[in-house]
Amino acid sequence: MFNRRKFIKASALSTALLAIDKKSMANVVPSAVAPTNKPIVISTWDFGVAANAAAWKVLSANGKALDAVEQGVWVPEADESNQSVGYGGLPDRDGKVTLDACIMDEAGNCGAVLALEYIVHPISVARKVMEKTPHVMLAGDGALQFALEQGFKKENLLTPASEKAWKEWLKQAKYEPVMNIENKLYDKASPQKLPGNQYNHDTIGMIALDAKGNLSGACTTSGMAYKLHGRVGDSPIIGAGLYIDNEIGGATSTGVGEEVVRNVGSFLVVELMRQGYSPEDACKEAVMRIIKKKPETAKNIQVGFLAMNKKGEYGAYAIQKGFTYAVCDAKKQDLVIKGKSYY
Ligand code: SD4
0 MFNRRKFIKA
10 SALSTALLAI
20 DKKSMANVVP
30 SAVAPTNKPI
40 VISTWDFGVA
50 ANAAAWKVLS
60 ANGKALDAVE
70 QGVWVPEADE
80 SNQSVGYGGL
90 PDRDGKVTLD
100 ACIMDEAGNC
110 GAVLALEYIV
120 HPISVARKVM
130 EKTPHVMLAG
140 DGALQFALEQ
150 GFKKENLLTP
160 ASEKAWKEWL
170 KQAKYEPVMN
180 IENKLYDKAS
190 PQKLPGNQYN
200 HDTIGMIALD
210 AKGNLSGACT
220 TSGMAYKLHG
230 RVGDSPIIGA
240 GLYIDNEIGG
250 ATSTGVGEEV
260 VRNVGSFLVV
270 ELMRQGYSPE
280 DACKEAVMRI
290 IKKKPETAKN
300 IQVGFLAMNK
310 KGEYGAYAIQ
320 KGFTYAVCDA
330 KKQDLVIKGK
340 SYY
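This is how it looks when you write it as structure tokens:
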């Protein structure tokens, strides 16, 4: 029979039991969850090692992931021997160096510049777009005008080496992006030993997780060499070349941007991680979508994704072999990993 006093007693007991349970759970749950590896920074290609070192200076001093990725990618942007990012980048078919870059922070703020000329550090202009305007993207002349108003210096980005390579290209002027140079030479030698002008692509995409557990990312490139003037790739497109969700993780891409844009690649990778995929599996699934849609095209192009989740676990996957990425954390500062690939 229902007895009110008994009921109160019973519910008081179960509340107490629940409280004990919660308390003991509090002791159990954290140790059952994998510890977060932070701070940590990862970036695309071998030249990511030098970029990560600059980012690490910020991260190891308790700095913000946003500052780390900006300062990290300054390194390849300013490196004239790197002909696929920033100063010294290979020009478009008209001989103009046009740069694409974007940046995204832990709060989901983002900024981008598209086809920006004459500015050595497009990533910093992208950050200003994010912080000083109500917009996300500025393109071409408007982006340049904004950069100059913000105090950036106008400089000639076409170095003698890149001009020479372009003039060589003009002799045949075949618009065939050579995407798999690193693939062809992969087994013979370390790709970084190639003369600089043999790289006609290779964007830097970087993702950092700082000591506070916040994620940010940056992506910057001179795009495909000898592209049509005005062509914009995936790199400055939020969701394609870069995406960050501070609850889940971040992703970035390199390779033939058109295919990344068509599949909203980096957003897809992050959403797959949200569904429980590991970073590598998420990158693989995004690559498989590209291959499945265009198997014949995919045979001859490179696309690589690089991702990190909120725990600081990372992974990558590419269509072709030869895609490398650099990792830097408290244990190791100059790690280069050969990403897995479909072919
Ligand atoms: C683009 N995704 O402009 C860039 C180029 C690149 O490795 O990353 N190449 O399409």
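Quick note on numbering that gives the first Met the number 0: the sequence shown kicks off at 0 and runs consecutively. All residues carry an ideal CB built from backbone N, CA and C; glycine is no exception.
Residue i classed as buried or exposed, judged by whether at least 16 other C-beta atoms fall within 10 angstroms
i, result
"THR132", "exposed"
"LYS292", "exposed"
"HIS134", "exposed"
"GLN274", "exposed"
"ALA60", "exposed"
"SER80", "exposed"
"ALA207", "buried"
"TYR174", "exposed"
"LYS127", "buried"
"ASP359", "The structure shown does not extend to residue 359, since the chain is modelled only from 0 through 342, so no value can be given for it."
"ASP140", "exposed"
"GLY150", "exposed"
"GLU258", "buried"
"ALA50", "buried"
"TYR342", "exposed"
"ASP333", "exposed"
Alpha carbon of residue i to alpha carbon of residue j, nearest angstrom
i, j, result
"MET343", "LYS95", "What the structure shows of the chain is the stretch from 0 to 342, and residue 343 is not part of that stretch, so it cannot be assessed."
"VAL260", "ASP233", "5 Å"
"ALA210", "LYS37", "6 Å"
"GLY47", "ALA64", "16 Å"
"GLN301", "ALA317", "7 Å"
"LEU143", "GLU116", "7 Å"
"VAL269", "ALA77", "29 Å"
"LEU271", "ALA164", "40 Å"
"TYR86", "VAL112", "15 Å"
"GLY62", "ILE237", "24 Å"
"GLU279", "PHE266", "14 Å"
"LYS166", "ALA114", "21 Å"
"SER161", "PRO90", "7 Å"
"PHE304", "LYS226", "22 Å"
"SER340", "LYS170", "34 Å"
"SER277", "GLY321", "21 Å"
"LEU157", "ALA138", "19 Å"
"PHE287", "LYS337", "Sequence check: residue 287 is Met here, not Phe. Those two C-alpha atoms are separated by around 18 Å."
"ALA329", "TRP168", "44 Å"
"ILE243", "THR253", "16 Å"
"GLN82", "PRO159", "11 Å"
"GLU246", "VAL231", "29 Å"
"ALA384", "LYS331", "Outside the shown range of the chain (0 to 342) lies residue 384, about which nothing can therefore be said."
"ASP66", "VAL255", "28 Å"
"ASN308", "MET136", "26 Å"
"GLU148", "ASN299", "42 Å"
Residue i and residue j closer than 8 Å at C-beta
i, j, result
"VAL68", "TRP55", "no"
"ALA52", "CYS327", "yes"
"GLY314", "ALA325", "no"
"GLY204", "GLY240", "yes"
"ALA146", "VAL119", "no"
"ASN155", "MET129", "no"
"GLN70", "VAL57", "yes"
"MET103", "GLY248", "no"
"THR97", "LYS310", "no"
"VAL74", "ILE122", "no"
"TYR264", "ALA297", "The amino acid occupying residue 264 in the given sequence is Gly; Tyr does not appear at that position. Going by C-beta atoms, GLY264 is not nearer than 8 Å to ALA297."
"THR219", "THR43", "no"
"GLU105", "ASN213", "yes"
"VAL335", "ASP45", "yes"
"ALA100", "PRO294", "no"
"ILE290", "ASN262", "no"
"GLY110", "SER221", "no"
Per DSSP, cross-strand counterpart(s) of residue i
i, result
"VAL326", "ILE41 and LEU334"
"MET205", "SER42 and ALA217"
"LEU241", "ILE237 and THR251"
"LYS339", "TYR316"
"ASN51", "According to DSSP, which records beta bridges pairwise, ASN51 is partnered with nothing at all."
"GLY303", "THR253 and ALA317"
"ASN308", "GLY248"
Legend entry - Length-filtered (3 minimum) beta strand (DSSP E) runs lying within the stretch 80-156: 98-103, 109-115 and 136-138
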